[in-house]
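*Asks:*
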Amino acid sequence: MTRLRLRLHALSTSVPFRYFRNSSFIPKRKRSITYLLLLLLISFLIFLPGTLNSLFNHLHLPTHLRLPTSPLDPQASAAFSLTKPRLDQSGEEVPDESEGQQEVEIQRSFEEPDFSLLSGKQPHEVGCDVPIVWDPSVSNVSDSSSSSSTSISTPNSNNDNNTGVLVFLGVFSAAQSSDKSPSEMRRRRDLYRQIYFPQFPKNLVTAKFILGLPPGGAGKDKFRNPAAAVSRARVLRGLEEEREEFGDMVILDMEDNIDSGKTHKYFQWVAKEYAGEGQVKGRPRFVVSSDLQTLLVMPNLISAFRKLDCSTNVYWGTSAGRSQYFGDYFRGLAYAMSWPLISWIGQADMPMAHITKIEDARTGQWLRHLDPAEDPITRIDYGWTMGDWNQLDVGLETVALHWCKWDDWVVEQQEKIQKIWKDAGRPFRWDQGIESSVSVAKGKVTPEEARREHDRQIQAGWDVEGNLKGDAGDG
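Heads up: the sequence shown begins at 20 in my numbering, then just goes up one per residue.
#1: Give me the Cα-Cα distance between Trp422 and Gly452, rounded to the nearest whole angstrom.
#2: By the 10 Å Cβ neighbour count, where 16 or more other Cβ atoms means buried, how is Tyr344 classified, buried or exposed?
#3: Between the Cα of Phe497 and those of Lys140, Phe134, Ile151, spot the shortest distance and give me the residue it belongs to.
#4: So what does DSSP say about Leu101, is it helix, strand or coil?
#5: By the three-class DSSP mapping on this structure, what secondary structure does His421 have?
#6: By alpha-carbon positions, which one of Val306, Phe286, Asp407 ends up nearest to Arg470?
#7: Among residues of its own chain, excluding the 5 on either side of Thr225, which ones have a beta-carbon nearer than 8 Å to its beta-carbon?
#8: Provide the residue span of the beta strand (DSSP E) that contains Ile396, from first to last.
#9: Mapping the DSSP letters down to three states, classify Glu454 as helix, strand or coil.
#10: Check this for me: beta carbons of Thr313 and Thr382, under 8 Å apart or not?
#11: Cα separation between Gln536 and Pro466?
#12: In chain order, which continuous runs of the beta strand (DSSP E) of length 3 or greater are located wholly inside the region 322-361?
#13: Give the C-beta separation of Cys329 and Val145 to the nearest angstrom, bearing in mind that I take them to be a contact with Cβ-Cβ under 8 Å.
#14: How far does the beta strand (DSSP E) with Leu188 in it reach, from first residue to last?
#15: Check each candidate in Glu484, Phe447, Ala380 and name the one with the smallest Cα separation from Asn319.
#16: Pick from Asp368, Gln432, Gln410, Arg475: whose alpha carbon is nearest that of Tyr211?
#17: For Ala339 and Trp403, which I take to be in contact (beta-carbon distance under 8 Å), what is that distance rounded to the nearest angstrom?
#18: Looking only at its chain, what residues have a beta carbon closer than 8 Å to the beta carbon of Gly297, apart from the 5 residues adjacent to it on each side?
#19: Using 10 angstroms around the beta-carbon of Ser458, count the other beta-carbons present and answer buried if the total reaches 16, otherwise exposed.
#20: Report the three-state DSSP secondary structure of Thr375 (helix, strand or coil).
#21: Out of Asn222, Asn409, Leu230, Phe305, state which residue places its alpha-carbon closest to the alpha-carbon of Arg205.
#22: Nearest-angstrom Cα distance between Thr82 and Asp272?
#23: To the nearest angstrom, report how far apart Tyr348 and Arg387 are at their CA atoms.
#24: Between which two residues does the alpha helix (DSSP H) containing Arg302 stretch?
#25: How would you call His77, buried or exposed, if buried means at least 16 neighbouring beta carbons within 10 angstroms?
#26: Going by DSSP in three states, Met317 sits in which element: helix, strand or coil?
#27: Does the Cβ of Thr53 have 16 or more other Cβ atoms within 10 Å, making it buried, or fewer, making it exposed?
#28: State the CB to CB distance for the pair Trp385 and Ile399, rounded to an integer number of angstroms; the pair is presumed to be in contact (CB under 8 Å).
#29: In chain order, what residues of the same chain have a beta carbon less than 6 Å from the beta carbon of Pro370, not counting five sequence neighbours either side?
#30: Run the CB neighbour count on Gln213, radius 10 Å, all protein chains shown included, and call it buried at 16 or more, exposed below.
#31: By DSSP's criteria, Glu274 is part of a beta bridge. Which residues make up the other side?
#32: Hey, Ile270 and Leu232 are a contact pair by Cβ (cut 8 Å); roughly how many whole angstroms apart?
#33: With DSSP run on the structure shown, which of helix, strand or coil describes Lys281?
#34: By DSSP's criteria, Ala194 is part of a beta bridge. Which residues make up the other side?
#35: Please look up how many angstroms separate the CB atoms of Leu311 and Phe216, rounded, as I've assumed it's under 8 Å.
#36: State yes or no: is the C-beta of Ala261 within less than 8 Å of the C-beta of Met268?
Quick look at the structure:
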């Protein structure tokens, strides 16, 4: 309050105000009223930023969801500089002299290893001691894993408090996107909650949506556009209420952008959430990254991982249809890694150039720099049993359907899978999945629809010339 009085006193004794008070062209009484109103207006403008900041940060939001009151952390600042163009007074984009250097660093990062990955605790030093209750209704179930480090737990065992899960399924979502409003994104999540998530047994699969913070909270943007800042605060509050209601959302502490390190942030969160020596409650043997356009076939997903040793370096997914430019990687529609790899990547504090852009290819790049003698990687490629639904020969062997862009397509493809299993007389249960070797074998054959789509893309001028060459589908 004292500071306010000092500011107002200094303002009232300034030369312009002394001239205004002594002017004779305004009647004395009106002059006093006008003078007072002008003082109040200027005081309001002086304290407006602090008032807005206080208002936005007290809308009953948790601390990590409030608008920033200090500069962004280094990682967020780097992401912001990579994604936000500079504009001149006329609104034209100003060429950034450092932009070319950033692109060079990003390009080089796909070829060079990151020091923090090489210097940290390596995957073979991590291990994977994760007991699992395979079926809560059965007390005697033999573990399919051949590794002594992946033990079995039953409902009557003493290790229930440390029981883990087979898979952590992270489904990438967002508060909003370039073509979908917050309400539309919420509707898609609700649809998954209704027809998709309930399929996965909770004792085997932990399924959660993975989101970042909505855009617009960086730097001083909230002061330039207060209305947008208020709207963002409402969206954040809605996300927090949704998370509290369903308990199936992870909100990462970063502005949501898949090209600005979201995948690495996700792996960091999982690694930190289930960190610790020995057995840790809820820890997954394998971690899947997926999105809101992908439907994984539940029985086949569990069958894919059930017999795998999670203490080894397992990289799982599909190379069918991937780009030829980024080496060996699995497509982002759905891919997975075993716990040692997740822990290794999640604990590495990599610079922005090594985590940004083309997230699925980036994951493949991280793995290529492991020592093949100490940390060999088992790559399990399901080929054309995972991919866009309009390019696959969908059958019992199918593991994942992608490109479910519209809600109607999600329902349609889910019903299609259920019908295929019903017509085959096979129960759609966790223990009835197709043997993984059968799906892998089918995935080596490129479907005719995939070839036709590839030819169409070439005729349309797309740079996909080598996307069918040398992958799992060229069998």
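Positions of the beta carbon are idealized from the N, C-alpha and C atoms, including for glycine.
*Replies:* Taking the definition as stated:
#1: Distance between the alpha carbons of Trp422 and Gly452: 23 Å.
#2: Counting the other CB atoms within 10 Å of its CB gives Tyr344 a total below 16, which places it among the exposed residues.
#3: Since the displayed the chain opens at 20 and closes at 494, residue 497 lies outside it and no answer follows.
#4: In this prediction, Leu101 has a pLDDT of 43, which is less than 50 and means its spatial position is unreliable; what the coordinates show is noted afterwards. In this structure, Leu101 counts as helix in the three-state DSSP scheme.
#5: The answer is strand: DSSP assigns His421 an E or B state.
#6: Considering only alpha carbons, the answer is Asp407.
#7: Excluding positions up to five away in sequence, the list reads Val184, Val186, Phe187, Leu188, Gly301, Pro303.
#8: In the DSSP annotation of this structure, the continuous segment of the beta strand (DSSP E) that includes Ile396 starts and ends at 396-400.
#9: In the three-state reduction of the DSSP assignment, Glu454 falls in the coil class, being assigned neither a helical nor a strand state.
#10: No, the pair does not count as a contact, with Cβ atoms beyond the cut-off.
#11: As displayed, the chain neither begins before 20 nor continues past 494, which places residue 536 out of reach and without an answer.
#12: If you keep only unbroken beta strand (DSSP E) runs of at least 3 residues inside the region 322-361, you get 332-336, 353-357.
#13: At roughly 10 Å, the Cβ-Cβ gap does not stay under 8 Å, so Cys329 and Val145 are not in contact.
#14: Taken as a continuous stretch (DSSP letters only), the beta strand (DSSP E) holding Leu188 covers 184-191.
#15: Relative to Asn319, the option among Glu484, Phe447, Ala380 whose CA is nearest is Phe447.
#16: The option with the nearest alpha carbon to Tyr211 is Gln432.
#17: Between Trp403 and Ala339 the Cβ distance is about 5 Å, and since that is below 8 Å, they are a contact.
#18: Asp148, Asn181.
#19: Around the beta carbon of Ser458, 16 or more other beta carbons lie within 10 angstroms, which makes this residue buried.
#20: If DSSP states are grouped into helix, strand and coil, Thr375 belongs with coil.
#21: Looking at the Cα atoms, Leu230 is the closest of the given residues.
#22: With a pLDDT of only 43 at Thr82, under 50, the local geometry of the prediction cannot be trusted, and the value read off the model is given with reservation. Take the alpha-carbon of Thr82 and the one of Asp272: they are about 11 Å apart.
#23: Across the structure, Tyr348 and Arg387 are spaced so that their CA atoms are roughly 9 Å apart.
#24: From DSSP, Arg302 is part of no alpha helix (DSSP H); its letter is neither H nor E.
#25: With a pLDDT of 45 at His77, under the threshold of 50, the modelled position of that residue is not reliable, and the figure given next carries that caveat. Under a 10 Å Cβ-count criterion, His77 is classified as exposed, with fewer than 16 other Cβ atoms of the shown protein chains found around its own Cβ.
#26: DSSP places Met317 within a helical segment (H, G or I) once states are collapsed to three.
#27: It is exposed - the Cβ of Thr53 has fewer than 16 other Cβ atoms within 10 Å.
#28: Not quite, the Cβ-Cβ distance comes to about 17 Å (not below 8 Å), so this is no contact.
#29: So the list is empty, once near-sequence residues are dropped.
#30: Classification for Gln213: exposed.
#31: Residue pairing of Glu274 in beta bridges, as defined by DSSP: Leu232.
#32: Between Leu232 and Ile270 the Cβ distance is about 7 Å, and since that is below 8 Å, they are a contact.
#33: DSSP places Lys281 in helix when its eight states are reduced to three.
#34: DSSP lists no partner for Ala194.
#35: Taking a contact as a CB-CB distance under 8 Å, the pair Leu311 and Phe216 does not count as one, their CB atoms being some 12 Å apart.
#36: The amino acid at residue 261 is misidentified as Ala; the sequence shows Glu. Going by C-beta atoms, Glu261 is nearer than 8 Å to Met268.
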